[in-house]
């Protein structure tokens with residue numbers, strides 16, 4: 086048995102039947118990380134010693150017959166944008182290189198309440214701005230399917246760590262596709278919940294009206310299990326919504342006969358790689374086989390959404406990132422002769438290129454004289470996009486699109502061309518703009534052996550349906566049983 | 005042209021700290037005067053990842069202020085971010101309200117030397133206060149204290165309806181009194197919990213309004229009046245000399261009595277206001293507003309009316325007493341305890357008001373309580389002390405408040421009402437002043453006053469004046 090290849094629900098069974106101890110699990114992952122991390126570079130901070138201590142404590146609890154959570158001892162990786170009390174939380178920025186959060190994010194409190202064990206903090210694009218994780222101040226994470234390729238972004242560390250079996254699952258955040266796109270290019274499952282389902286308290290803000298915490302897992306069942314843990318209203322986040330107790334595992338294995346899947350033709354047109362398109366069309370056929378009704382329709386929002394996304398997200402970011410001023414915490418410039426220089430030099434030194442680009446863009450669109458033309462207009466388009474989705478959901482239960490227009494691209498391929506990089510989000514941003522749930526699951530490999538992902542978009546707070554539809558496909562196609570990352574050294 | 009040919013136009017933006025127990029977006033205490041950075045948490049220190057949660061009391065208090073100033077309450081309102089960099093502003097934006105304030109279109113009535121006048125209120129909105137910079141005596145430079153960061157404020161913006169420093173002062177006093185009455189702010193100007201930005205412009209009568217200047221963060225009536233007078237005159241001088249007024253932010257310097265332009269910070273800033281995505285819209289129901297309306301306490305106008313009818317106070321006296329909720333409460337409470345509200349009123353109108361004026365003290369800072377004032381009144385009524393000793397007791401109450409009974413015992417101020425003792429003094433004074441006795445007997449009544457005065461001197465003011473009078477007359481008849 087290869088412990089690190091197991092899903093969480095499989096690990097739970099082995100723990101229950103006492104085939105495995107928690108220490109064995111943590112040791113297996115420690116070993117795997119020692120082996121693979123030098124190649125993948127998914128972690129910013131490792132917590133392995135601490136993890137082992139926690140593991141043996143939990144094993145003692147089990148030995149003493151104490152009651153523990155059904156997820157106690159399950160390892161997890163945390164995107165380094167989520168505040169963890171007493172542990173460095175960097176957001177992959179020089180600005181927060183030595184920042185130790187004085188409190189736990191609400192999602193961390195939930196993870197800790199389950200007595201899960203964090204193995205470390207995962208790499209990402211600085212302040213979650215990017216689609217390749219190349220904008221991290223610390224390191225460039227590699228794609229386990231091809232080490233010369235990017236793992237996607239911004240939650241590239243989370244996706245690569247799960248794909249490389251260095252953690253059984255991980256938390257990430259998704260503002261414009263930052264969970265679904267890396268999940269797609271790393272061949273795993275990634276879910277971005279409805280805006281408001283998961284608390285944002287303690288999650289370092291990039292774009293407040295779009296950010297949402299979500300999960301990376303090896304299969305859809307694990308996705309439902311982890312969503313059960315992190316979902317729920319939080320008094321500390323007034324944008325979080327109380328939808329009552331839900332058990333997302335209840336929808337697993339349910340029949341999807343007669344379920345209506347909409348396929349928006351604009352998401353299969355120009356700019357979408359041919360192999361990706363073919364793979365998606367094959368998925369459509371699979372769905373038909375298992376009884377779903379699939380219909381093509383028009384949803385002309387992708388380009389509008391992308392423009393809207395970069396206006397709104399940059400506007401919010403320009404304000405959200407103002408607090409990194411060198412006064413209370415974070416990087417402070419050594420050289421300054423007045424207050425203005427203290428601000429200017431600290432921020433110039435502490436932020437990377439992409440972050441600066443988006444702050445400048447955001448500052449511009451909020452400036453007096455430009456506000457109406459950009460920010461206000463973008464908000465109007467946002468309403469329009471939401472309305473178009475609402476229209477579509479009158480007819481369809483889920484919408485099926487590619488997750489990413491291409492499979493993983495090469496490291497360095499797009500890092501000098503921001504506009505091309507921004508196009509990586511073309512299929513995912515509209516979901517954030519409308520605040521909907523979206524899941525990406527693997528649906529094939531391209532000719533280079535790189536995974537292709539498909540995205541299922543659901544109605545607001547209808548995670549059940551997309552999980553059910555994703556699970557039905559997974560059961561039918563068994564991607565994970567057929568394909569594994571090869572860790573090949575690319576050219 | 006002379007100054008009389010000009011009209012002065014004044015508008016005020018008043019910031020009042022709300023007296024909620026906790027801050028506007030977190031549960032930190034709002035108490036004044038704590039050691040630096042002891043009333044802070046990750047939220048008001050703007051730690052990464054933190055989110056604001058709007059304190060419902062803040063909305064309630066602002067709605068109260070709106071209703072008490074005859075404003076319309078907006079059913080749909082929201083919070084906006086005002087972005088700028090400053091070390092006392094931890095998030096680098098202030099959460100405020102931009103285009104949808106909670107209250108709009110109100111007014112309050114003021115009494116001026118030319119009768120009553122309505123001053124329009126443009127809007128009232130809620131926002132958070134910033135922290136404070138303290139000079140670092142040891143290391144040089146500045147240190148940031150964030151205790152005040154996130155303390156709730158309302159900003160009350162008036163229409164440019166005031167035409168003199170006097171009207172501006174009346175408006176501010178009235179506003180302060182209303183806020184005190186409805187108990188949403190303690191309005192302690194010396195602690196900065198009530199401060200005003202003053203906008204002043206001048207124009208020739210009959211012409212359009214002139215360009216305005218703004219003086220920021222004024223926190224005493226005296227300086228506001230002085231600053232308005234100075235600034236209006238300065239503007240007139242500039243115009244008379246053929247110059248133009250530039251719209252700018254000024255700093256009032258109390259020592260020189262002049263205004264100076266402020267440096268870059270406030271001028272020509274683009275705050276890049278936009279709706280705060282971390283907070284949901286504020287939606288108020290009719291029932292909610294109705295409930296607050298019904299729970300509003302009695303306002304100064306209605307109290308004043310009641311005093312005229314119930315206690316037959318003069319218009320002027322009723323106005324003085326109701327000018328401050330604290331004075332008015334003192335009046336009613338001490339009146340009830342002493343069962344002599346008339347006497348309590350007299351103390352407030354005369355000696356207490358005089359001392360407050362002389363020491364520039366706000367009524368809320370009166371150190372003694374209603375019970376102590378009532379006791380003073382009762383001691384006089386019982387004849388334990390006379391009213392001139394009473395004044396000394398009052399001064400003592402301001403100095404070091406304690407029971408008046410204790411004060412007079414300690415100071416030995418108990419009135420001499422013993423007939424034998426009084427007689428002894430009277431005889432002594434008569435013997436020493438034969439001329440006055442002769443004058444009195446010759447029909448000069450003033451001599452009696454002189455003799456009583458001498459006896460008072462002799463007893464250090466403690467003798468019962470009525471008894472002295474009576475006994476002098478009796479003795480001199482003999």
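Protein chains in written order, with our numbering: chain E, 86 to 576; chain R, 5 to 482.
Here a beta-carbon is modelled for each residue, glycine too, at the ideal position from N, C-alpha and C.
From a predicted model like this one, the values you see are computed outputs, not experimental measurements.
Query, Result
"Please determine if the stretch 234-247 of chain E and the stretch 493-502 of chain E are in contact, where contact requires at least 3 C-beta pairs separated by less than 8 Å.", "yes"
"Can you tell me where the alpha helix (DSSP H) with residue 257 of chain E in it begins and where it stops?", "First-last for residue 257 of chain E: 254-259, but that is the beta strand (DSSP E), not the alpha helix (DSSP H)."
"Which value, in whole angstroms, describes the spacing of the CA atoms of residue 126 of chain R and residue 67 of chain R?", "14 Å"
"Please name the residue, chosen from R:222, R:184 and R:217, that lies closest to residue 199 of chain R on a Cα-to-Cα basis.", "R:222"
"Do you know offhand how far residue 397 of chain R's Cα is from residue 481 of chain R's?", "36 Å"
"Note down, in chain order, every chain R residue with its Cβ under 8 Å from the Cβ of residue 443 of chain E.", "Simply none; closest approach about 15 Å."
"Using the beta-carbon of each residue, which ones in chain E are nearer than 7 Å to residue 266 of chain R?", "Near residue 266 of chain R there are no residues of chain E at all, since even the closest Cβ is about 15 Å away, more than 7 Å."
"Kindly list the residues whose CB is nearer than 8 Å to the CB of residue 224 of chain E, restricted to its own chain and excluding five residues on each side of it in sequence; keep chain order.", "126, 129 and 208"
"Taking 6 Å as the limit between beta carbons, can you name the residues of its chain near residue 87 of chain R, skipping five residues before and five after?", "97, 275 and 276"
"My assumption, with CB atoms under 8 Å, is that residue 350 of chain R sits in contact with residue 385 of chain R. Please give the rounded CB distance.", "Going by Cβ atoms, the distance from residue 350 of chain R to residue 385 of chain R rounds to 12 Å, so no, they are not a contact pair."
"Looking only at its own chain, which residues have a Cβ that is under 6 Å from the Cβ of residue 288 of chain R, when we skip the five neighbours before and after it?", "79"
"Check whether the stretch 186-195 of chain R and the stretch 252-264 of chain R touch, using three or more Cβ-Cβ pairs below 8 Å as the test.", "no"
"Answer with buried or exposed for residue 385 of chain E, where buried requires no fewer than 16 other C-beta atoms within 10 angstroms of its C-beta.", "exposed"
"In this structure, does DSSP put residue 296 of chain R in helix, strand or coil?", "helix"
"Between residue 31 of chain R and chain E, is any beta-carbon pair separated by less than 8 Å?", "no"
"Are any of the Cβ atoms in chain R nearer than 8 Å to that of residue 399 of chain E?", "no"
"For a contact meaning CB atoms closer than 7 Å, what does residue 419 of chain E contact in chain R?", "The premise fails here: residue 419 of chain E is roughly 15 Å from chain R at the closest Cβ pair, so nothing lies under 7 Å."
"What residues in the stretch 155-187 of chain R have a beta carbon less than 9 Å from any beta carbon of chain E?", "none"
"On the three-pair Cβ rule with 8 Å, is the stretch 337-349 of chain E touching the stretch 287-294 of chain E?", "no"
"What does the alpha-carbon distance come out to for the pair residue 131 of chain R and residue 459 of chain E?", "26 Å"
"What residue from E:552, E:530, E:540 and E:428 has the CA that sits closest to residue 568 of chain E's CA?", "E:530"
"For chain R, find out if any of its Cβ atoms is closer than 8 Å to the Cβ of residue 242 of chain E; answer yes or no.", "no"
"State whether the stretch 177-190 of chain R contacts the stretch 106-114 of chain R, with contact taken as three or more CB pairs (one from each stretch) at a distance under 8 Å.", "yes"
"Once DSSP output is grouped into helix, strand and coil, what is the label at residue 91 of chain R?", "coil"
"Would the beta-carbon of residue 250 of chain E fall within 8 Å of that of residue 89 of chain E?", "yes"
"Closest to residue 390 of chain R by CA distance: which of R:241, R:403, R:370 and R:408 is it?", "R:408"
"Among the residues of its own chain, which have a CB less than 6 Å from the CB of residue 410 of chain E, if the five just before and after it don't count?", "428"
"Taking DSSP as the reference, what is the three-state secondary structure of residue 350 of chain E?", "helix"
"So, does the CB of residue 39 of chain R fall closer than 8 Å to a CB anywhere in chain E?", "no"
"Give a yes or no on whether 8 Å exceeds the smallest Cβ distance from residue 344 of chain R to chain E.", "no"
"Any C-beta of chain E sitting closer than 8 Å to the C-beta of residue 10 of chain R?", "no"
"List the residues that DSSP assigns as beta-bridge partners of residue 17 of chain R.", "R:161 and R:201"
"Excluding the 5 residues preceding and the 5 following residue 270 of chain R in the sequence, name in chain order all residues of the same chain whose CB lies nearer than 6 Å to its CB.", "Bear in mind that the predicted position of residue 270 of chain R carries a pLDDT of just 48, short of 50, making it too unreliable to give a figure here."
"Nearest to residue 263 of chain R by CA position, among R:320, R:204 and R:61, is which residue?", "R:204"
"Whole angstroms is fine: what's the gap from residue 504 of chain E's alpha carbon to residue 234 of chain R's?", "57 Å"
"Hey, out of E:280, E:288, E:230 and E:253, whose CA is closest to residue 272 of chain E's CA?", "E:230"
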